[in-house]
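Below is one structure; the comments refer to it alone.
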Amino acid sequence: MESYKSHAHSISLCKYHFVWCPKYRHEVLELVQDELAELFQGTAERFGHEIVSREIATDHVHLFVEADPKWSPAEIAKQFKGYSGRTILKRHPEIKQRYFWGSGLWKDGYYVGTTGAVSEDVVRRYIEETEH
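Using the UniProt record's numbering, the letters of the sequence shown map in sequence onto residues 1 to 132.
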């Protein structure tokens, strides 16, 4: 059974699957995997997100996040990517110098997909069959 979140004026269940890569798809994340995990957890706590699942591969990241609906997926991606990228390159100038030539850690883009307790077909059927 899914656990809905109750807010002041709404009830929600917003879960997002994010995937993003380092610039140039460099395989550097294994060097900082534990640090990234801690930074992602800190970001989640700061903004009130819950990391449902996380995978940090050598050249990409998967985050499955439950978030308050006040945050757009673009804002959530920015929160996780921005802080972690700046912090990793500040802590590891050798990685910045060798792989990223003064630019940021993460590529600009990302993938985001949504999930929910019901399928698209169920929602469509509910809307179409409900009397107005």
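Every residue, glycine too, gets a C-beta built ideally from N, C-alpha and C. None of the values given here were measured: they were computed from a predicted structure.
query = Got a sec? Which residues, its chain only, sit under 8 Å from Ser103 by beta carbon, not counting five neighbours each side?
reply = Reading the sequence shown from its first residue, position 103 is the one you call residue 103. The answer, listed in chain order, is Lys23.
message = What does the Cβ neighbour count give for Trp101, buried or exposed, with the cut at 16 atoms within 10 Å?
response = Reading the sequence shown from its first residue, position 101 is the one you call residue 101. Exposed is the call here.
key: Buried versus exposed call for Gly48 [16 or more other C-beta atoms within 10 Å across all chains shown]   = Numbered from its first residue, the sequence shown carries residue 48 at position 48. Per the 10 Å Cβ criterion, exposed.
query = Given that a residue counts as buried once 16 or more other Cβ atoms are within 10 Å of its Cβ, and exposed if not, what is Glu27?
reply = Residue 27 sits at position 27 when you count from the first residue of the sequence shown. Under this definition Glu27 is an exposed residue.
request  = Using three-state DSSP, classify Glu35 as helix, strand or coil.
outcome  = On the sequence shown, residue 35 is found 35 positions in, with the first residue counted as 1. Glu35 falls in the helix class under three-state DSSP.
key: Range covered by the beta strand (DSSP E) that runs through Glu75   = The count along the sequence shown starts at 1 and reaches residue 75 at position 75. That residue, Glu75, is in no beta strand (DSSP E); its alpha helix (DSSP H) goes Pro73 to Arg91.
ask   = What are the boundary residues of the alpha helix (DSSP H) that includes Val122?
value = In the sequence shown, residue 122 corresponds to position 122, counting from 1. Where Val122 is concerned, the enclosing alpha helix (DSSP H) stretches over Glu120 to Glu129.
key: DSSP state of Arg25 mapped onto helix, strand, coil   = The count along the sequence shown starts at 1 and reaches residue 25 at position 25. Three-state DSSP puts Arg25 in a helix.
request  = Name the two residues that bound the continuous beta strand (DSSP E) containing Leu63.
outcome  = Residue numbering aside, residue 63 sits at position 63 when the sequence shown is read from its first letter. Looking at the DSSP string, the run of the beta strand (DSSP E) that includes Leu63 is Val61 to Ala67.
request  = Name the one or two DSSP bridge partners that Thr43 has.
outcome  = By 1-based counting over the sequence shown, the position of residue 43 is 43. Answer by DSSP bridge pairing: none, since Thr43 is not bridged.
Ser10, buried or exposed, once every other Cβ within 10 Å from all chains shown has been counted against 16 = Position 10 of the sequence shown holds residue 10. The residue in question, Ser10, is exposed, as its Cβ has fewer than 16 Cβ neighbours within 10 Å.
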